[in-house]
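Enquirer: In the numbering used here, the protein residues as written are -3 to 225. In this text, a Cβ means the ideal position worked out from N, Cα and C, and glycines have one as well. Since the model is a prediction, treat every value here as computed from it, not as a measurement.
This is the structure in structure tokens:
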């Protein structure tokens, strides 16, 4: 089926709902990473704590605690990457045989929707999950870079390489955390994209709810108030 034929299968509301999903996904990431002045996001606030962490790490004689924290962060990225990879397999398997899905959703959507339309909707979910997987894998690798740079920080605080290397480790840590956060956002919006199987109205509602959840956790959550104290 050609692209024009596929577009004819989609209602204008479908295209508008999909556009809202894409714009919201890209827009919320932009707002979180570049928040308005005077209202920093949790991501931005935690970046300063990560820099402070590396400064304190450089001054510590024993750094076992720091290595344990970094190991825990890497394990989190590995867990999410593995989970998302399994989810991608499940979505692709369903896209290869959407007949069960067609029967399940027959009472919720218009009858007679061709299988290719279900496959397109599932493809959007799979693409978002794939983006999440790539983010988690890259975050894991950058945390690994951070670990190597941390290990290269001299034990003597007076060493001229001590602070510069600690700050490099901090920036790598921040970058890894940023990619991990983007991966989580992709997972959130993949779940929202699954609502498209019900219809464009469900996709719009799921996108709005997901955007509000992501925004509130970064700008109006209890952890943010605790960090700002």
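#1: Below 8 Å, can you find three or more Cβ-Cβ pairs linking the stretch 196 to 214 to the stretch 143 to 157?
#2: Using the C-alpha atoms, what's the distance from residue 95 back to residue 39?
#3: Could you tell me how far apart the beta carbons of residue 177 and residue 50 are, in whole angstroms, since I believe they sit closer than 8 Å?
#4: Let me make sure I understand the geometry here. Which of 130, 186, 190 and 183 has the alpha-carbon closest to that of residue 258?
#5: Evaluate residue 154 with the Cβ neighbour count: other Cβ atoms within 10 Å of its Cβ, from every protein chain shown; 16 or more gives buried, anything less gives exposed.
#6: Tell me the DSSP secondary structure of residue 219 in three-state form.
#7: Figure out for me which residue from 73, 223, 55 and 23 has the closest Cα to the Cα of residue 128.
#8: Below 8 Å on the Cβ atoms is my guess for residue 125 versus residue 84; work out the distance and round it to an integer in Å.
#9: Taking 8 Å as the threshold (C-beta atoms), are residue 206 and residue 184 in contact?
#10: How long is the line joining the alpha carbons of residue 35 and residue 112, rounded to whole angstroms?
#11: Grab me the residues of residue 186's own chain with a C-beta within less than 6 Å of its C-beta, minus the 5 sequence neighbours each way, in chain order.
#12: Of the residues 192, 210 and 88, which one's Cα is nearest the Cα of residue 9?
#13: Can you list, in chain order, the residues of its chain with a C-beta nearer than 7 Å to that of residue 17? Leave out the 5 residues immediately preceding and following it.
#14: Let me know the secondary structure DSSP gives residue 160 once reduced to three states.
#15: Quick one: is residue 118 buried, meaning 16 or more other Cβ sit within 10 Å of its Cβ, or exposed?
#16: Rounded to the nearest angstrom, what separates residue 80 and residue 179 at their Cα positions?
#17: How many angstroms separate the CA atom of residue 37 from the CA atom of residue 161?
#18: By how many angstroms is the C-alpha of residue 54 removed from the C-alpha of residue 156?
#19: Between residue 175 and residue 134, which are expected to be in contact by the criterion C-beta below 8 Å, what is the C-beta distance as a whole number of angstroms?
#20: In whole angstroms, give me the CA-to-CA distance for residue 41 and residue 110.
#21: Quick check: what's the CA-CA separation for residue 167 versus residue 152?
#22: Quick one: give me the first and last residue of the alpha helix (DSSP H) that residue 33 is part of.
Expert: In terms of the structure at hand:
#1: no
#2: Each residue's Cα considered, the two are about 42 Å apart.
#3: Between residue 50 and residue 177 the Cβ distance is about 19 Å, and since that is not below 8 Å, they are no contact.
#4: The shown model of the chain, from -3 to 225, leaves out residue 258, and the question about it has no answer.
#5: exposed
#6: helix
#7: 73
#8: 5 Å
#9: yes
#10: 44 Å
#11: 121, 124 and 125
#12: 192
#13: 185, 188, 189, 199 and 203
#14: helix
#15: buried
#16: 10 Å
#17: In this model, residue 37 and residue 161 are separated by some 26 Å (Cα to Cα).
#18: 12 Å
#19: 5 Å
#20: 48 Å
#21: 21 Å
#22: From DSSP, residue 33 is part of no alpha helix (DSSP H); its letter is neither H nor E.
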